[in-house]
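S.K.: Taking the working numbering, the leading residue of the sequence shown gets 43, the next gets one more, and so forth.
Quick one: this structure, given as structure tokens, is what I'll be asking you about.
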Amino acid sequence: MATEEQLDYGSSFEATLERSKKLEQDLQKQPGKYKVLTGDRPTGRLHIGHLFGSVQNRVRLHRIGVPTFIVIADYQVLTDRDTFDKISENIRQLTIDYMAAGIDANDGKTFIFPHSHVPELNQLLLPFLTLVTNAELDRNPTVKEEILASGQKRINAGMYTYPVHQAADILFCKGTVVPVGKDQLPHLELTRTIARRFNDRFAGNKPVFPEPQPLLSEAPVILGLDGSQKMSKSRNNAIMLSADEDETAKLIKKAKTDSERNITFDPVKRPEVSNLLLLVSLATGRKPAEIAEEIGDGGSGKLKQVLTDSINEYLRPLRARRKELEQNIDFVRETLRAGVRAAREEAVKTLDEVREVMNMTI
Ligand code: TRP
């Protein structure tokens, strides 16, 4: 059935950015009016690309007082990976990373939970699947890219349907704001479509779901230490939050630079050097060009020294909290359990409403 209106994944980026800016202003004014829903797959520990790219933005929203649910999408790991032996460990390490970065998940309005522990959330997937067509799922640009990148020949159905599952992640608690990077916009568009179609089909004039809005963060593009591609653990070019100071120094020593001695900030012509300068800038709050000028003829040796010192200094308190949490794993587990309890409470209520409007009460 789905409906005649076609899902448009490519709606204007500029318009989305404009709306996102307005949303940001209103969030500052009325944080309590919104509910942030955000999430990650538990595929490993976080690195400084995640920290500067998305985690800090979440910490910021959290600190201005917006109630926040952070979903750890453990089922989604199964869609494009063969291994599952580390999922449980990754859930805990991810939680430690969030908490060490400044998310207080015990403040009564911020919750971290793996979605596999919330049956009522997962059950929303079934009606949601009837609201989209195969063709629409097939056209999802982010899924297409991930399929190409995974190199798999046999694509499981979970790969095509995980964006619908993601809609359940967002709508189970009636999330209204989803901080996202560009690659997640198609999933959010799908979520909005599902919310709208659900309301149209089942809810008459009393909508059950809000249409959640994307909050585009102006996250800098952070390259790995090889300077040629995005920072990522699997490409071995990342500085993990959990690395110690010596490991960090060693990694940075091996970072790629270029043969010109004088350090300048020029992202187009000198991507490697500029990326290192950007990282110093993010860790110190100073301008990249200014840092470059100061280093000048000190060359890449000096640049690497400055970067090592600034990253290690910047991460010192986070790493100390990280260590403490690692030694206190029961507390981390209890935080997750509390997150699951809170999420279930929301999901049960929502599923009740959903069953009611679908005429499935007994
Ligand atoms: N698909 C997201 C990613 O790969 C993770 C995710 C799952 C998510 N559920 C979510 C993100 C809900 C935001 C909201 O990064």
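Even glycine gets a Cβ: it sits at the ideal position worked out from N, Cα and C.
Keep in mind it's a predicted model, so treat the numbers as computed, not measured.
(1) Given 7 Å as the limit, tell me if Leu258 has its C-beta closer than that to any heavy atom belonging to ligand 1.
(2) Alpha carbon to alpha carbon, what distance is there between Leu320 and Thr326?
(3) Considering only residues of the same chain and omitting the five flanking positions on each side of Met402, which have a CB-CB separation below 7 Å?
(4) What does Gly81 pair with, by DSSP beta-bridge criteria?
(5) Cutting at 8 Å between CB atoms, please list the residues of its own chain near Thr58, excluding the five before and the five after it.
(6) How many angstroms separate the CA atom of Arg83 from the CA atom of Arg196?
(7) I'd like to check one pair, Arg87 with Asp127: are the Cβ atoms closer than 8 Å?
(8) Would you check if there are 3 or more beta carbon pairs closer than 8 Å linking the segment 142-155 to the segment 186-193?
(9) In three-state DSSP terms, what is Val348?
(10) Let's see if you can read the secondary structure: which residues bound the alpha helix (DSSP H) around Val315?
(11) Between which two residues does the alpha helix (DSSP H) carrying Leu227 extend?
(12) Hey, would you say the C-beta of Ser229 is under 7 Å away from at least one heavy atom of ligand 1?
(13) Could you pull the start and end residues of the alpha helix (DSSP H) that Gln165 belongs to?
(14) According to the neighbour-count rule (16 or more other Cβ atoms, all chains shown, within 10 Å of its Cβ), is Asn304 buried or exposed?
(15) Between which two residues does the alpha helix (DSSP H) harbouring Leu409 extend?
(16) Enumerated in chain order, which unbroken segments of the alpha helix (DSSP H) with a length of 4 residues or greater are wholly contained in the segment 363-404?
(17) With a threshold of 16 other CB atoms inside 10 Å of the CB of Gln208, please say whether the residue is buried or exposed.
(18) Thinking C-beta only, is Ala261 closer than 8 Å to Ser62?
(19) Could you pull the start and end residues of the beta strand (DSSP E) that Ile154 belongs to?
(20) Considering only C-alpha positions, which residue in the set Ala245, Ile145, Arg379 is nearest to Val101?
(21) Three or more beta-carbon pairs under 8 Å between the segment 110-130 and the segment 346-364, yes or no?
(22) Helix, strand or coil for Val101? Go by DSSP, reduced to three states.
(23) Does Met201 come out as helix, strand or coil in the three-state DSSP assignment?
(24) Hey, Val174 and Val206 are a contact pair by Cβ (cut 8 Å); roughly how many whole angstroms apart?
(25) Please check the pair Gly217 and Val78, which I expect to be a contact at CB under 8 Å, by giving their CB distance rounded to whole angstroms.
(26) Any idea which residues DSSP pairs His89 with across the strands?
(27) Quick check: Tyr51 and Glu289, are their CB atoms within less than 8 Å of each other?
(28) Start and end of the beta strand (DSSP E) containing Val219?
M.R.: Straight from the coordinates:
(1) no
(2) 10 Å
(3) none
(4) Val113
(5) Leu227, Pro256, Leu258
(6) Counting only the Cα atoms, Arg196 lies some 21 Å from Arg83.
(7) no
(8) Because the criterion of three Cβ pairs below 8 Å is not met, the segment 142-155 and the segment 186-193 do not touch.
(9) In this structure, Val348 counts as helix in the three-state DSSP scheme.
(10) In the DSSP assignment, Val315 falls within the alpha helix (DSSP H) that extends over 313-326.
(11) 227-244
(12) Going by the sequence as given, residue 229 is His instead of Ser. Here the distance from the Cβ of His229 to the nearest heavy atom of ligand 1 is below 7 Å.
(13) 161-165
(14) exposed
(15) Residue 409 lies beyond the range of the chain shown here (43 to 404); nothing can be said about it.
(16) 371-399
(17) Result: buried.
(18) no
(19) 152-156
(20) Ile145
(21) no
(22) DSSP places Val101 in helix when its eight states are reduced to three.
(23) helix
(24) With 8 Å as the limit, Val174 and Val206 qualify as a contact, their Cβ atoms being about 6 Å apart.
(25) 7 Å
(26) Met282
(27) No, the Cβ-Cβ distance between Tyr51 and Glu289 is not below 8 Å.
(28) 219-222
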